[in-house]
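Each residue of the sequence shown is one higher than the last, beginning at 1 in full-length UniProt numbering.
Okay, so here's the structure we're looking at.
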Amino acid sequence: MIRPSVCEPYGIEYTILELFVKVYETVVGSCSKTLKSSEVKLQCHDEKIELLETNIKTELEKNKIEFEERLKIYEDKIIKLESRNEQFREELNIAAKKRKKNNIIINGLDIDGKFYTLKQLEARRKNESGISGAVNESSEEVVNKIKDRNKPAARSDSNRRQRLFNENNK
Numbered sequence: 001m002i003r004p005s006v007c008e009p010y011g012i013e014y015t016i017l018e019l020f021v022k023v024y025e026t027v028v029g030s031c032s033k034t035l036k037s038s039e040v041k042l043q044c045h046d047e048k049i050e051l052l053e054t055n056i057k058t059e060l061e062k063n064k065i066e067f068e069e070r071l072k073i074y075e076d077k078i079i080k081l082e083s084r085n086e087q088f089r090e091e092l093n094i095a096a097k098k099r100k101k102n103n104i105i106i107n108g109l110d111i112d113g114k115f116y117t118l119k120q121l122e123a124r125r126k127n128e129s130g131i132s133g134a135v136n137e138s139s140e141e142v143v144n145k146i147k148d149r150n151k152p153a154a155r156s157d158s159n160r161r162q163r164l165f166n167e168n169n170k
């Protein structure tokens with residue numbers, strides 16, 4: 001067998017087979033070292049990923065708990081507002097019933113087309129003697145006239161006002 005010699009930079013002679021084995025060992029050794037360091041890095045990354053996953057899970061749990069607490073607070077506020085709203089409605093109904101008791105007719109139309117309560121109409125007619133002999137009329141007649149005025153008529157409002165005006169000025 002012929003031994004061709006190859007010189008390394010350091011001046012040591014090797015055969016091609018020896019050089020191939022040395023290069024192979026160097027390459028495989030560096031690859032195995034790289035592979036081991038990559039495995040260590042991969043394991044480190046896996047640990048970091050697991051840590052991040054647990055952190056995310058704990059944050060989600062905290063956020064879920066905070067959200068549920070806020071939701072409960074808002075639900076309680078809504079219930080309170082609904083009860084206040086219901087109380088307010090009841091108070092309005094009571095006030096409306098009292099108003100209807102105190103004023104037999106709430107909306108009474110006078111000749112000028114404005115709305116007055118029965119008490120306001122009586123006081124106005126007693127003070128003003130020139131309006132259609134209201135001084136001589138009893139409160140029942142005034143109430144009946146107001147009821148007649150509030151009934152829907154077949155004629156238009158302008159005809160109705162003119163007719164009422166003519167009736168009162170006779």
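Ideal placement from N, C-alpha and C gives every residue a C-beta, glycine not left out.
Check: DSSP three-state assignment for N55, whether helix, strand or coil; Outcome: helix
Check: C-alpha distance - K33 paired with I49, whole-angstrom precision; Outcome: 24 Å
Check: Best match in T26, L42 and E167 for proximity to K145 [C-alpha to C-alpha]; Outcome: E167
Check: DSSP three-state assignment for N93, whether helix, strand or coil; Outcome: helix
Check: Cβ-based burial, L60 [other Cβ within 10 Å; buried from 16]; Outcome: exposed
Check: DSSP state of N85 mapped onto helix, strand, coil; Outcome: helix
Check: Reduced DSSP secondary structure (H/G/I, E/B, other) of N169; Outcome: coil
Check: Euclidean distance between Cα positions of residue 173 and N93; Outcome: Because residue 173 is not part of the residues shown, which for the chain are 1 to 170, the question remains open.
Check: Classification of L35 by the beta-carbon crowding that lies within 10 angstroms, buried from 16 upward; Outcome: exposed
Check: Cα-Cα separation, V40 to L71; Outcome: 46 Å
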